[in-house]
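Chemist: Residue numbers (this note's numbering): 4 to 358.
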Amino acid sequence: MSANESPAGRQPTATYDSAFLKACRREPVPHTPVWFMRQAGRSLPEYRKVREGVAMLDSCMRPDLVTEITLQPVRRHGVDAAIYFSDIVVPLKAIGIDLDIKPGVGPVVEQPVRTRADLARLRDLTPEDVAYVTEAIGMLTDELGATPLIGFAGAPFTLASYLVEGGPSRTYENAKAMMYGDPRLWADLLDRLADITAAFLKVQIEAGASAVQLFDSWAGALAPVDYRRSVLPASAKVFDAVADYGVPRIHFGVGTGELLGLLGEAGADVVGVDWRVPLDEAARRVGPGKALQGNLDPTVLFAGTEAVETKAREVLESAAGLEGHVFNLGHGVMPSTDPDALTRLVEYVHTQTAR
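1. To the nearest angstrom, how far is the alpha carbon of Leu-266 from that of Lys-52?
2. Look at the Cβ atom of Ile-1, then the Cβ atom of Gly-154, and state whether they are nearer than 8 Å.
3. In whole angstroms, what separates the C-alpha of Val-349 from that of Leu-152?
4. Among residues of its own chain, excluding the 5 on either side of Phe-242, which ones have a beta-carbon nearer than 8 Å to its beta-carbon?
5. May I ask you to list the residues that DSSP assigns as paired with Val-37?
6. May I have the straight-line CA-CA distance separating Arg-288 from Leu-262, to the nearest angstrom?
7. Quick check on Val-1: does DSSP put it in helix, strand or coil?
8. What are the uninterrupted segments assigned as beta strand (DSSP E) that are 3 or more residues long and contained completely in the region 258-304, given in chain order?
9. Between the region 167-180 and the region 104-119, can you find at least three pairs of beta-carbon atoms closer than 8 Å?
10. Would you give the residue range spanned by the beta strand (DSSP E) that Val-57 belongs to?
11. Let's test the definition: count the other Cβ atoms within 10 Å of the Cβ of Val-228 and tell me whether it reaches 16, buried, or not, exposed.
12. Tyr-230: buried (16+ other C-beta within 10 angstroms of its C-beta) or exposed?
13. Leaving out the 5 sequence neighbours to the left and right, which residues in its chain are closer than 6 Å to Thr-161 when beta-carbon positions are compared?
14. Taking Pro-110 as part of the beta strand (DSSP E), name the residues at either end of that continuous run.
15. Does DSSP classify Ala-214 as helix, strand or coil?
16. Is it true that the CB of Asp-20 sits closer than 8 Å to the CB of Leu-60?
17. Note down the Cα distance separating Leu-95 from Ala-224, rounded to an integer number of angstroms.
18. Return the Cβ separation of Gly-324 and Asp-283 in integer angstroms, given the expectation that the two are a contact with Cβ distance under 8 Å.
19. Please classify Ala-84: is it buried, with 16 or more other beta-carbons within 10 angstroms of its beta-carbon, or exposed?
20. Based on the DSSP secondary-structure assignment, which residues constitute the bridge partners of Lys-105?
21. In the structure shown, what three-state DSSP assignment does Phe-203 receive?
22. Looking at the secondary structure, which residues open and close the beta strand (DSSP E) in which Arg-252 lies?
23. Using the C-alpha atoms, what's the distance from Val-206 back to Glu-146?
24. By the three-class DSSP mapping on this structure, what secondary structure does Asp-194 have?
25. From Lys-240 to Arg-126, what distance separates their C-alpha atoms?
26. What are the boundary residues of the alpha helix (DSSP H) that Ile-140 is part of?
27. Let's see if you can read the secondary structure: which residues bound the alpha helix (DSSP H) around Gly-157?
28. At which residues does the alpha helix (DSSP H) containing Asp-20 begin and terminate?
29. Can Phe-203 and Ala-156 be called in contact, C-beta distance under 8 Å?
30. Locate the alpha helix (DSSP H) running through Leu-47, then write down its first and last residues.
31. How many Å lie between Val-69 and Arg-187 at the Cα?
32. Taking the C-alpha atoms as reference points, what is the distance between Val-215 and Gly-335?
33. How is Ile-98 classed by DSSP in three states: helix, strand or coil?
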């Protein structure tokens, strides 16, 4: 089913006619919708307050905290969509992988996945493993009303990178060594992760998420030929698994200018674009039939209101001919960003694009 149809057997929800979902479906909108990756997080003093003394993964497993943190940027900025507060490694933790998110480092895996025997540790994810997600989304949709909630997950390649490397990497030498040196093991690993990721997204959609985004944060490390051969099949499997729900599917990666057409080909309804490629050029690379999301450079927000408005106007002008456009940053909100700059940016985009 395409995102242009309401889910089979369901009446359109309160969020169906929102500006965000209309843009995802490439329909006329009252204004260009805005949300920000990492809009809920360290840039907000209220976030730092509620997270004080609570480890990251623990906060992702407490429905009360997830609900409060997810709602904070909606209240403060007036964004057109909320994104579920979690982390891409949550489903891996839920199936028993020994990992932790270390402050200043990121996810660290105690025993990296390097051999075929290690695949046995990646069991199927069940809804019971992440019951707190179902509970939190139920609480959120009650609070959000007509504001859509975006569910999300890490893409198989990015999850595999963390698992094989054992943590963040700049070179991905272990992951790429497996991809090139043992392509069958690599394919089986990504296929297993695709099943886990799809199950995690299904839980979120069935609980009430109105759209989903697949973050392939590190896919920009790949050449197009390697992405097509060794990564695209697993991402396509994830998108295919949730296609019948009829919710928009967004695909985003960093440094993926050379992969934009392939990101769309994997099955997304909306392709996220980082700040390196203008949206009109991105549309040419992606081809027709897809909405685009993006793509203000997050560092522009440090430059003052006039500069922010100038650069935002450039993004909007580049998006003028698109079939559908969701305004976002080209990556996540940086921790030291002034929250008021984001609030002003939302108001500016809404005002400039009011129809």
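No residue lacks a Cβ here, since even glycine has one placed at the ideal position from N, Cα and C.
Modeler: Concretely, from the data shown:
1. 37 Å
2. Outside the shown range of the chain, which is 4 to 358, sits residue 1, and nothing can be said about it.
3. 17 Å
4. Leu-217, Arg-252, His-254, Ala-269, Gly-270, Ala-271
5. Phe-330
6. 9 Å
7. There is no way to answer for residue 1, as the model of the chain reaches only from 4 to 358.
8. 273-275, 294-299
9. yes
10. Segment: none, Val-57 is in no beta strand (DSSP E) and carries neither H nor E.
11. exposed
12. buried
13. Asp-219, Ser-220, Trp-221
14. 109-112
15. strand
16. no
17. 22 Å
18. 6 Å
19. buried
20. Gly-109
21. helix
22. 252-255
23. 19 Å
24. helix
25. 17 Å
26. 134-147
27. From DSSP, Gly-157 is part of no alpha helix (DSSP H) but of the beta strand (DSSP E) over 152-157.
28. Premise fails: Asp-20 is in no alpha helix (DSSP H) and is neither H nor E.
29. yes
30. Note, Leu-47: premise wrong, no alpha helix (DSSP H); not H, not E.
31. 38 Å
32. 16 Å
33. coil
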